[in-house]
Amino acid sequence: MIDWIIILQAGIATGTILLFAAIGEILAERSGVMNLGVEGMMLIGAMTAYSTAVKTGHPWQGVLYAMLAAGVLALLHAVVTINFQADQVVSGLAINFVGIGLSMVLGEGLSKAGAVSLLPVWTVPLLSKIPILGPIMFTHHSPMVYLGYLLTPAVWFYINRTRPGLHLRAVGEYPSAADALGINVYGLRYLYVFIGGLLAGLAGATISLAVSPGWFSELTTGGQGWIAVGLVIFAQWNPWRAAAGGYMFGALRRLILDLQGPQTLLWFKNPFFYAPKLGFFLQMAPYVLVIIILIIGSREAMKKRMGAPAALGNPYVRGERGL
Amino acid sequence: MAVSENAARGFRFPYAIRTERRLTTPGWLPIATTIGALAVAFVIGGVVIQAAGGHPIAAYEHIVQAAFGSLGVFNDTLVKAIPLILVGLACTLAFRMKLWNIGAEGQFYLGAWGASAVVLLPILPATTPRPIMLATMAVAGFICGAVWGFIPGFLKAKLRVNEIITTLMLNYIATSWVLFWVFGSWSEAGFQMSPQFPKSAWMPRLLDYAKQVKIFSGMTLHAGLLLGLVAVVVVWFIISRSRWGYEIRLIGDNPRAAYYAGVDIIKNTVLVMMVSGGLAGLAGMSEVTGVVHRLQGAISSNYGFTGIIIAWLAKLNPFAVIVVSILFGGLIQAGREIQPSGVPRMLQGIILFCVIASDVLLKYRVRVVRK
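In the order they appear, the protein sequences are chains A and B. If you read the first sequence in this note's numbering, its first letter stands for residue 546, the second for the next number, and so on. If you read the second sequence in this note's numbering, its first letter stands for residue 43, the second for the next number, and so on.
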């Protein structure tokens, strides 16, 4: 039997990882800087969080250090793309390689670390009593999940309804106009790339200290950073859509695991149980789905004539022509 | 570059650093900055290795020894360089058009799968003469890689779907696809690998000629190197000497101008992605026929991703790809025994990072001036 409540509950927990990473990337891209290094930053975050928790026994300290470590990596990207005007795609890839390699080097032997104190698990009183939603959303979740519930509306409100949010959008859409109005284009881009790094680090810490605890070298993130980058495009740079997409992917990952367990599915013999090699097609599913939602997203964007922040990918040089 | 102006105001330092835009870039400068960036990268890498409890000098000494120290190890380095050359070319071609093909890894897997299918489905019997067998495998590998490049190319050209994400996702799909076959129909006695190919599907190796030339004994260098070198010349010809290459470069440098000049951007996007994928597929083919002689789950040690770094380090010059591939082949070859195990990956990342950071020196002149 497949228990949908459990799948959705696990989906919310796993989806929180994608939510943090995607919202961080949304903030960076809204300011005009694409950072493809999310996977590497998440991995550094996951490694730092886990090793800090091992050494100090304080998981929250691990979360803090994870965010800072990923933030520092993001700042490297900021220097190279904002000051040196390097190509954002290549620099993002470099950040990725550095992040993956560095976390493998520094995380050597960490997988055999033994018992580690992880983030706590909370059940919200009252709210967890709501039928269906209670067990899915408010029962036995790490604090990170609840933080995700708060972060999504907060970031949406910040981007769309506040003055600093307006500045953020201006810098990403029309930096020279923003500059003329006295907005510090370079400074804001630095800030939001850094915040994007902090959130990627938070996503990494959520993996290694809450959702699937442990350090499994580069397999710890398993491509989730890339899925987050894809989600940003699907989400059309809107935190709500990013959150929805994140939870959906989280649930899908759990569903894939659970589909291989039971002997019968509905009234049929479960093909994935009797021919385990078919499971490889199940493993492809999330990645195929990313491609499908990108196709849907881009058709929608073409129809509505909306899309990426206009200055996304372009370095801003004061006094030069162009955006 | 707002850094310089007020940097020294606080304590009235008599000199100031000025940056100004270069109007021309001297020819020796890109080489000098690349070498400088490499040096800086190795210093930074050394600091990290030291911090992680390793011995940087010993590690670097080991890398040089284990990669270039003797004819035998240099042979191994060259064997590692073969797939890197092909994958580096794949990235070079796509990047020239500013098409971000990050999917060489998946195209490599598909190419290896396609080549293996010739033997394992089987399409040709094991008794087929070697030249026909290898040629068919090469074509199959190229086609399968090209198909894997066609998907993101078509999606990009027709539906404006971001090719970075699609190529990456196709990497994961490709590895699962290969695993499905090596765990399933092609599995040898339940192991996650196919049976060994018949000898007719083995790329000729130097050691095959050890009877005639003594020094070749034990040398595993295979004919894939020739394939790679031919591909270098072909890609160089396409990019620098053909009308098609002119269109590719035009689209890469200024897509709007290309559009107004009547260049068919849609057709070129699909074609370049297909040829790029095909080259990566050839790399997969050369690896299964020249080195592994069977299909298995782990055939690539991140060659596809290393190709990105190689293309960039070679400044998208096909001939430079050879040199850089040999250097990186050495790094991968020697890195297998280095602890901690992530060192080669990390060094690759730091090298790429330093190289793109150093590119600023090509655009700007940094001067120390008296106030």
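Positions of the beta carbon are idealized from the N, C-alpha and C atoms, including for glycine. All of these numbers come straight from a predicted model, not from anything done at the bench.
Check for me: the alpha helix (DSSP H) holding B/R298 runs from which residue to which?
As a working note, residue 298 of chain B is residue 256 in the second sequence. Looking at the DSSP string, the run of the alpha helix (DSSP H) that includes B/R298 is P297 to Y302.
Closer than 8 Å, Cβ to any Cβ of chain A: which residues of the region 207-223 of chain B, in chain order?
I207, T208, L210, M211, L212, Y214, I215, S218, W219, L221 and F222
Under a CB-based cut-off of 9 Å, is B/K405 close to chain A?
Numbered from 1 along the second sequence, position 363 holds the residue referred to as residue 405 of chain B. Yes, its Cβ sits closer than 9 Å to a Cβ of chain A.
Would you check if the distance between the CB atom of A/F794 and the CB atom of A/G556 is smaller than 9 Å?
In the first sequence, the residue the question calls residue 794 of chain A occupies position 249. In the first sequence, the residue the question calls residue 556 of chain A occupies position 11. It is a contact, given that the beta carbons lie within the stated cut-off.
Under three-state DSSP, which class holds A/A869?
Past the boundaries of the shown model lies residue 869 of chain A; chain A is included only from 546 to 868, so the question cannot be answered.
For the region 116-150 of chain B, which residues have a beta carbon sitting closer than 8 Å to at least one beta carbon of chain A?
W142 and I144
Under DSSP, the alpha helix (DSSP H) around B/E147 begins and ends at which residues?
Numbered from 1 along the second sequence, position 105 holds the residue referred to as residue 147 of chain B. Its alpha helix (DSSP H) spans residues A146 to L162.
Compare the beta carbon distance of A/G607 and A/A598 with 9 Å and say whether it is the shorter of the two.
Counting from 1 along the first sequence, the entry for residue 607 of chain A is found at position 62. Counting from 1 along the first sequence, the entry for residue 598 of chain A is found at position 53. Going by C-beta atoms, A/G607 is nearer than 9 Å to A/A598.
Just reading off the alpha helix (DSSP H) that A/Y694 is part of, what are its end residues?
Translated into positions along the first sequence, residue 694 of chain A becomes position 149. Counting along the chain, A/Y694 sits inside the alpha helix (DSSP H) bounded by residues P688 to R706.
Between the C-alpha atoms of A/L868 and A/Y719, what's the straight-line distance to the nearest angstrom?
Looking up residue 868 of chain A in the first sequence gives position 323. Looking up residue 719 of chain A in the first sequence gives position 174. Reliability fails at A/L868, whose pLDDT of 44 lies under 50, so the model's placement of it is uncertain and the value that follows must be treated cautiously. Taking the straight line joining both Cα atoms gives about 6 Å.
Excluding the five sequence neighbours on either side, which residues of its own chain have a C-beta within less than 7 Å of the C-beta of B/L212, listed in chain order?
Working through the second sequence from its first residue, we reach residue 212 of chain B at position 170. In the same chain as B/L212, and ignoring 5 residues on each side of it, the C-beta atoms closer than 7 Å to its own belong to G145, G148, W190, I193 and P194, in chain order.
Confirm, please, whether the CB-CB distance from A/P807 to A/V661 is below 9 Å.
As a working note, residue 661 of chain A is residue 116 in the first sequence. As a working note, residue 807 of chain A is residue 262 in the first sequence. No. Outside cutoff.
Amino acids of chain B, ordered along the chain, whose beta-carbon sits closer than 8 Å to that of A/R844
Translated into the one-based positions of the first sequence, residue 844 of chain A becomes position 299. Result: L201.
Helix, strand or coil for B/V408, going by three-state DSSP, please let me know.
Taking the first residue of the second sequence as 1, we reach residue 408 of chain B at position 366. Of the three classes helix, strand and coil, the one that applies to B/V408 here is strand, per DSSP.
Got a sec: is the Cβ-Cβ distance from B/I350 to anything in chain A below 9 Å?
As a first step, residue 350 of chain B must be located in the second sequence, where it is residue number 308. Closer than 9 Å to some Cβ of chain A, the Cβ of B/I350 qualifies, so yes.
Less than 9 Å between CB atoms is the rule here; does B/Q390 satisfy it with respect to chain A?
For this step, residue 390 of chain B is matched to residue 348 along the second sequence. It does: the Cβ of B/Q390 has a partner Cβ on chain A nearer than 9 Å.
Which residues in chain A have a C-beta closer than 9 Å to the C-beta of B/P382? List them in chain order.
Residue mapping note: residue 382 of chain B aligns to position 340 of the second sequence, counting from 1. Chain-ordered, the chain A residues with CB closer than 9 Å to the CB of B/P382 read M649, V650, L651, G652, E653 and G654.
Are the region 247-263 of chain B and the region 174-187 of chain B in contact at 8 Å, needing three or more beta carbon pairs?
no
Can you list, in chain order, the stretches of the alpha helix (DSSP H) that have 4 or more residues and sit fully within the region 213-258 of chain B?
none
Exposed or buried, what is B/A44 when buried is set at 16 or more other beta-carbons lying within 10 Å of its beta-carbon?
In the second sequence, counting from the first residue as 1, residue 44 of chain B sits at position 2. With a pLDDT of 47 at B/A44, under the threshold of 50, the modelled position of that residue is not reliable, and the figure given next carries that caveat. The residue in question, B/A44, is exposed, as its Cβ has fewer than 16 Cβ neighbours within 10 Å.
So, helix, strand or coil for B/H264, using DSSP?
What you label residue 264 of chain B is simply residue 222 of the second sequence in a count that begins at 1. Of the three classes helix, strand and coil, the one that applies to B/H264 here is strand, per DSSP.
Identify whether B/K357 lies in helix, strand or coil by the three-state DSSP scheme.
Locating residue 357 of chain B in the second sequence gives position 315, where the first residue counts as 1. Looking at B/K357 - three-state DSSP - the assignment turns out to be coil, as it is neither helix nor strand.
Determine the chain A residues that contact B/V90 at a beta-carbon separation under 7 Å, and present them in chain order.
One-based indexing of the second sequence puts residue 90 of chain B at position 48. Here the neighbours are L647 and V650.
Residue range of the unbroken beta strand (DSSP E) whose run includes B/I59:
For the purposes of this step, residue 59 of chain B is taken as the residue at position 17 of the second sequence. Per DSSP, B/I59 belongs to the beta strand (DSSP E) from Y57 to R63.
Cutoff 7 Å; reference B/K122; Cβ partners in own chain excluding five residues on either side
Position 80 of the second sequence, counting from 1, holds the residue named residue 122 of chain B. Excluding sequence neighbours, B/K122 sits near G371, I374 and Q375.
CB contact below 9 Å: B/L394 versus chain A:
As a first step, residue 394 of chain B is located in the second sequence; it is residue number 352 there, counting from the start. Closer than 9 Å: yes.
Would you kindly work out how many angstroms separate the C-alpha atoms of B/Y406 and A/L827, rounded to a whole number?
Along the second sequence, one-based indexing puts residue 406 of chain B at 364. Along the first sequence, one-based indexing puts residue 827 of chain A at 282. So the two alpha carbons sit approximately 51 Å from each other.
Using the Cα positions of B/A299 and B/K200, report the straight-line distance between them to the nearest angstrom.
On the second sequence, residue 299 of chain B is found 257 positions in, with the first residue counted as 1. On the second sequence, residue 200 of chain B is found 158 positions in, with the first residue counted as 1. Distance between the alpha carbons of B/A299 and B/K200: 20 Å.
For B/V224 versus B/P360, is the C-beta distance shorter than 9 Å?
Taking the second sequence and counting its residues from 1, one reaches residue 224 of chain B at position 182. Taking the second sequence and counting its residues from 1, one reaches residue 360 of chain B at position 318. Not closer than 9 Å, so no.
Ordered along the chain, which non-local residues of its own chain (more than five positions away) have a Cβ less than 8 Å from that of B/S46?
Translated into positions along the second sequence, residue 46 of chain B becomes position 4. In this predicted model, B/S46 has a pLDDT of only 48, less than 50, meaning its place in the structure is not dependable; the value taken from the coordinates is given anyway. Listed in chain order, the non-local C-beta contacts of B/S46 below 8 Å within the same chain comprise A58, I59, R60 and T61, local neighbours out to five positions each way being set aside.
Which value, in whole angstroms, describes the spacing of the CA atoms of A/I550 and A/K657?
In the first sequence, counting from the first residue as 1, residue 550 of chain A sits at position 5. In the first sequence, counting from the first residue as 1, residue 657 of chain A sits at position 112. Answer to the nearest angstrom: the Cα atoms are 33 Å apart.
Which residues in chain A have a C-beta closer than 7 Å to the C-beta of B/R387? List them in chain order.
Looking up residue 387 of chain B in the second sequence gives position 345. Residues of chain A passing the Cβ test: F642, I645, G646 and M649.
Report the three-state DSSP secondary structure of A/F683 (helix, strand or coil).
The sequence position of residue 683 of chain A within the first sequence is 138, counting from 1. In this structure, A/F683 counts as coil in the three-state DSSP scheme.
Cutting at 7 Å between CB atoms, please list the residues of its own chain near A/L553, excluding the five before and the five after it.
Locating residue 553 of chain A in the first sequence gives position 8, counting from the first residue. Cβ within range, chain order: I681 and A796.
Flag this pair as touching only if the region 636-648 of chain A and the region 578-593 of chain A have three or more C-beta atom pairs under 8 Å; answer yes or no.
yes
Backbone secondary structure at B/V45 - three-state DSSP
What you label residue 45 of chain B is simply residue 3 of the second sequence in a count that begins at 1. Per-residue confidence for B/V45 stands at a pLDDT of 49, beneath the threshold of 50, marking its modelled position as unreliable; no derived number is given.
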